[in-house]
Amino acid sequence: MYRCKDLEIWKKNRLFCAEIYSITSKFPENEKFGLTNQLRRASISIPSNIAEGSSRHSNKDFTRFLQIAIGSAYEIKTQLLIAPDLNFINKDELDSLLNSLDAIIKMTSKFKSTLNKSKNLII
């Protein structure tokens, strides 16, 4: 079992979640229940799934939750690519968020791969 607060991927995802909240606070009010809500929920899903997975007693269980977190990251990527089409964010904001997100995906995937190689229990 891992302590999520000690995991770098969890820490980075918490910070990324705050970035998403900050950027979506500038979205139009009528998007409150649209893209704003979708981005916020998906960004919360990543560190939440890492935390839940870290409480599991096997690497297999943990990797399943990491895969869900990665899926949420790709959901965010799609939503972020839609945001400039709607003139909600500019190219610089998009590039910055996508760079952060790509680093998160890479880091989470690498950690997941490491867990997959170790079939031992993580108790």
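Position one of the sequence shown corresponds to residue 1 (UniProt numbering), numbered consecutively onward.
Cβ coordinates follow ideal geometry from the N, Cα and C atoms, glycine included.
Since we're looking at a predicted model, the values are computed, not measured.
Given a cut-off of 7 Å on the beta-carbon distance, is the pair residue i and residue j in contact?
i: residue 49; j: residue 68; result: yes
i: residue 83; j: residue 105; result: no
i: residue 75; j: residue 65; result: no
i: residue 13; j: residue 63; result: no
i: residue 23; j: residue 43; result: no
i: residue 16; j: residue 100; result: yes
So the alpha helix (DSSP H) residue i belongs to, where does it begin and stop?
i: residue 55; result: Run containing residue 55: none; DSSP gives neither H nor E here.
i: residue 14; result: 8-24
i: residue 94; result: 91-117
Could you pull out every residue in the same chain whose Cβ sits closer than 8 Å to the Cβ of residue i, ignoring the five residues on either side in sequence?
i: residue 118; result: 59
i: residue 28; result: 88
In its own chain, which residues sit with a C-beta less than 7 Å from the C-beta of residue i, not counting the 5 before and 5 after it?
i: residue 121; result: The predicted position of residue 121 is uncertain, since its pLDDT is 48 and thus under 50; no value can be drawn from it.
CB-CB under 6 Å to residue i, same chain, minus the five flanking residues each way: which ones, in chain order?
i: residue 111; result: 9
i: residue 107; result: 9
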